[in-house]
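Report on the following structure.
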Amino acid sequence: MKCKIRKQEVYAWLMKGLALHFFLLFSISSFAAIFPSEGQGVLQRKVSVSAENMMIKNILEKIEETASIRFAYQANQVNVNRKASIFIEDMPLGNVLTMLFDKSTLFEAKGDLVVIRPVSEGLVNRVTGRVTDSKTGEPLPGVNVVATGTSIGTVTDTDGRFALEIPANVVALTFTFIGFQSQTVDISNQTTINVQLTGEITKLDEIVVVAFGAKQKAMLIESVDKVDDKFIKNRPVNNVLSGLQGQVAGVNITQSSGQPGVAPSINIRGVGSLQSGTGPLIIIDGVPGTINLIDPNDVESISVLKDAAASSIYGARAANGVVIVTTKKAKSGKVSVSYAGY
């Protein structure tokens, strides 16, 4: 009889325990349904904000004051100094933040705290493609391909192809190659990027007259400046030196007198000799001469030698530099006549 009573008591105790357990589960579920978690609900909280041409960090401060929300971010990872204009009324906070930041930014809610951070760089996308010449269609080997804003990059192979693994927050690739214009291409979730580069006209083949010969500009190691005739003839001057004024760094040209026919004085990098005066050596078509006697319209180019390379050829006469004037020569073609009157 005692054993039977014990079994009934145990049975009743178990039933009460199960009933209490189900009651607690039902209460917790109902409470969670009525009061959603703050972490999920804060981004759905409706806010109002008006700002014109204001830095984003100041806009976030206004939202903090009016909506009882706190923001956390690292200034070196999230651009909050950029200015923006926004006029919002009763819009979910998540939508407002999406309007203020780009797609590379994430928002995490923890209670009333919203953490703003960039997309994790652990996420990696693989981009492949081919780079060719826009004119010939030939592949370009050795093209630099760099993820814009990072140091991640690669070069194209002999067939112009490349493969690059980049962080998910990278939005563009930059292609650079000597002799071609650099190009930045928006990825836009693409995994294959084919690019055509356009040739760039450079001045590497420009010829500069140096002493008794000429060199390509790309091969120059001396301090030489060249001024073409187009920079002189477009000036309303009747003297070559006056047309050269302000065209070459380190060359000072001053007009000491207002008397007609008096040539300006020229000084290159200061005084290099105490006995030979301050003026440079003037060479006209390979022969020493006076620059004041030349018509500016007859000048094809002027080269100014400013360092020791001038003295190595012309000796002590070039202690103050050398000005080499090349005059125009006869060319085949139609006869052209020009007139300049002042």
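Just so you know, we're using my numbering here: the sequence shown kicks off at 20 and counts up by one.
Glycine included, each C-beta is placed from N, C-alpha and C at the ideal position.
- In the DSSP assignment, E84 falls within the unbroken alpha helix (DSSP H) covering I75 to A86.
- Counted as a single uninterrupted DSSP element, the beta strand (DSSP E) harbouring S201 occupies residues F199 to D205.
- DSSP, read as helix, strand or coil, puts K252 in helix.
- Shown here, T117 sits in a helix according to DSSP, grouped into three states.
- In terms of Cβ geometry, T175 and V164 form a close pair [threshold 9 Å].
- One Cα belongs to G352, the other to K249, and the distance between them is close to 20 Å.
- By the C-beta density criterion, A337 is buried, having at least 16 other C-beta atoms within 10 angstroms.
- Look at V61 here: in three-state DSSP terms it is helix.
- Taking all protein chains shown into account, I197 has fewer than 16 neighbouring C-beta atoms within 10 Å of its C-beta and is therefore exposed.
- The three-state reading of DSSP puts P299 in coil, since its state is none of H, G, I, E or B.
- Contact check for V270 against N258 fails: the beta carbons are separated by 9 Å or more.
- With fewer than three CB-CB distances shorter than 8 Å, the region 113–120 does not count as touching the region 154–163.
- With distances taken between CA atoms, A70 lies nearest to V115 out of V115, F90, E319 and P255.
- The C-alpha of V134 lies about 6 Å from the C-alpha of A128.
- Each of P137, D131 and V318 was checked against the Cα of V61, and the nearest Cα belongs to D131.
- In the structure shown, A103 falls within a strand segment according to DSSP collapsed to helix, strand and coil.
- Between K325 and D244, the C-beta gap is smaller than 9 Å, which places the two residues in contact.
- Here I310 is near V342, since their CB atoms are less than 9 Å apart.
- Ranked by Cα distance from N316, the first of T346, K81 and Y333 is T346.
- P186 sits in a strand when the DSSP states are folded into three classes.
- Within the model, the alpha-carbon separation for T173 versus F181 is close to 7 Å.
- Boundaries around V246 are those of the beta strand (DSSP E), V243 to D247, since no alpha helix (DSSP H) includes it.
- As a beta-bridge residue in DSSP terms, S322 pairs with K245 and I343.
- Note that the C-beta distance between G265 and K252 is not below 9 Å.
- About 17 Å separates the Cβ atoms of P279 and I272, ruling out a contact at the 8 Å cut-off.
- Comparing C-alpha distances from V150 to each of V214, P299, P186 and Q274 shows the shortest one belongs to V214.
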